[in-house]
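Position 79 of the sequence shown, counting from 1, maps to 467 under our numbering, and the rest follow consecutively.
Cβ atoms here follow ideal geometry from the backbone N, Cα and C, with glycine treated the same way.
Structure, as structure tokens:
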Amino acid sequence: MKEVRFFYVPGALQATELPPDEARHALRVLRLGVGDELYLTDGDGLFLRAEITGQSGHRCQYAVLETLPQRRAWKGHLHIAMAPTKMNERVEWMAEKATEIGVDEFSFVDCKFSERRQLKTERIERIVVAAVKQSRKAWMPQVNTMCPLEQFLRRPRSGGRYICHCYNPADIGAGSSREPLLSLLDDHQDATVLVGPEGDFSVEEVRLAESLGWQSVSLGTSRLRTETAALVAVHLMQLTHQLPEWPGNRAAEGGALY
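Dropping the structure here:
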């Protein structure tokens with residue numbers, strides 16, 4: 389079976405050399421050399437078929453053989469935000485799997501009951517890059533640094549804004565409601581879904597969100613961990629916003645990704 393080797397190269401059409409990390413992977417791990425073909429994604433909607441034309445030390449040069457513009461696989465901008473879990477591995481797992489499913493933006497918020505007050509996003513960015521290559525995504529999701537919940541809630545953003553929590557509407561106050569997320573998602577709108585920590589948002593945080601125009605939603609009757617809830621939300625956004633497969637979206641025929 390033919391191996392399909394994907395690499396992430398920002399500005400790949402204008403560049404002629406793999407970034408250091410990608411060059412190291414190509415030359416040291418995969419043992420590629422001059423004349424070998426590879427596929428590049430620029431993270432901005434373009435795949436490229438290329439050939440290695442030179443190598444020296446840790447540097448790897450390439451020439452573009454074919455450009456393969458891609459069409460987005462879903463409508464709108466899909467944004468998942470969550471309060472990070474105590475264990476980094478669970479946040480990283482969520483980021484990897486959400487990227488494979490398809491999402492445009494990750495945000496992380498600090499809430500009253502958060503288990504983690506700080507989060508280093510550099511490793512998450514590396515995991516997202518690896519997931520983009522593994523799942524053949526043409527667009528690189530944006531990974532935002534952690535910020536206070538109130539700051540996140542007050543930022544202007546387009547489309548539907550949804551906050552997931554477990555309170556009954558009566559706990560929040562008059563005029564509150566909590567509908568299933570799937571029933572509210574609209575494929576003609578961008579969507580931002582916010583998931584709280586293991587201890588949920590506080591009542592005051594939910595009230596603040598609703599006062600700023602966020603809609604309270606439910607993810608169903610199952611008891612979910614934070615990272616699972618975030619992944620469920622991403623999947624529901626994909627179900628409602630996904631476009632039919634476009635035959636022009638191709639990179640390589642068959643093969644495993646490395």
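Residue i classed as buried or exposed, judged by whether at least 16 other C-beta atoms fall within 10 angstroms
i      : result
Gln458 : buried
Gly464 : buried
Thr429 : buried
Gln539 : exposed
Ser502 : buried
Glu593 : buried
Phe394 : buried
Ala469 : buried
Arg566 : buried
Thr441 : exposed
Gly490 : buried
Val622 : buried
His446 : exposed
Closest Cα partner of residue i within the set the options
i      : options                        : result
Cys554 : Gly547, Arg524, Phe589         : Phe589
Tyr396 : Pro568, Leu426, Phe501         : Leu426
Thr616 : Arg460, Val417, Pro472         : Pro472
Cys552 : Val620, Glu488, Ile515         : Val620
Val581 : Ser571, Gly548, Gly442         : Gly548
Glu454 : Glu488, Glu513, Ala400, Ala558 : Ala400
Gln443 : Leu420, Ala618, Ser606         : Leu420
Ser606 : Leu569, Thr487, Glu484, Lys521 : Leu569
Beta-carbon separation (whole angstroms), residue i vs residue j, contact threshold 8 angstroms
i      : j      : result
Ala649 : Cys448 : It is not possible to answer for residue 649, since the shown part of the chain is limited to 389 through 646.
Pro492 : Leu466 : The sequence as given places Asp at residue 492; Pro does not occur at that position. With 8 angstroms as the limit, Asp492 and Leu466 qualify as a contact, their Cβ atoms being about 5 angstroms apart.
Glu439 : Gly423 : 7 angstroms
Ser571 : Glu598 : Incorrect: roughly 17 angstroms between the Cβ atoms, too far for contact.
Leu436 : Val452 : 5 angstroms
Distance cut-off 7 angstroms: residue i Cβ against heavy atoms of the ligand NAP
i      : result
Ala403 : Although the ligand NAP was asked about, the structure shown includes no ligands whatsoever.
Determine, using beta-carbon pairs with one atom in the region 493-500 and one in the region 604-617, whether at least three such pairs fall under 8 angstroms. no
Quick check: the region 569-577 against the region 624-631, are there 3 or more CB pairs under 8 angstroms? yes
Residue ranges of each alpha helix (DSSP H) within the region 534-609, 4 or longer: 537-542, 557-560, 569-572, 591-599
Are three or more beta carbon pairs between the region 528-537 and the region 506-513 nearer than 8 angstroms? yes
Counting only runs that start and end within the region 402-437, where is the alpha helix (DSSP H) found for 4 or more residues in a row? 408-412
The region 473-490 touching the region 542-549, judged by at least three CB pairs closer than 8 angstroms: no
What beta strand (DSSP E) runs, 3 residues minimum, are completely inside the region 445-482? 447-457, 466-470
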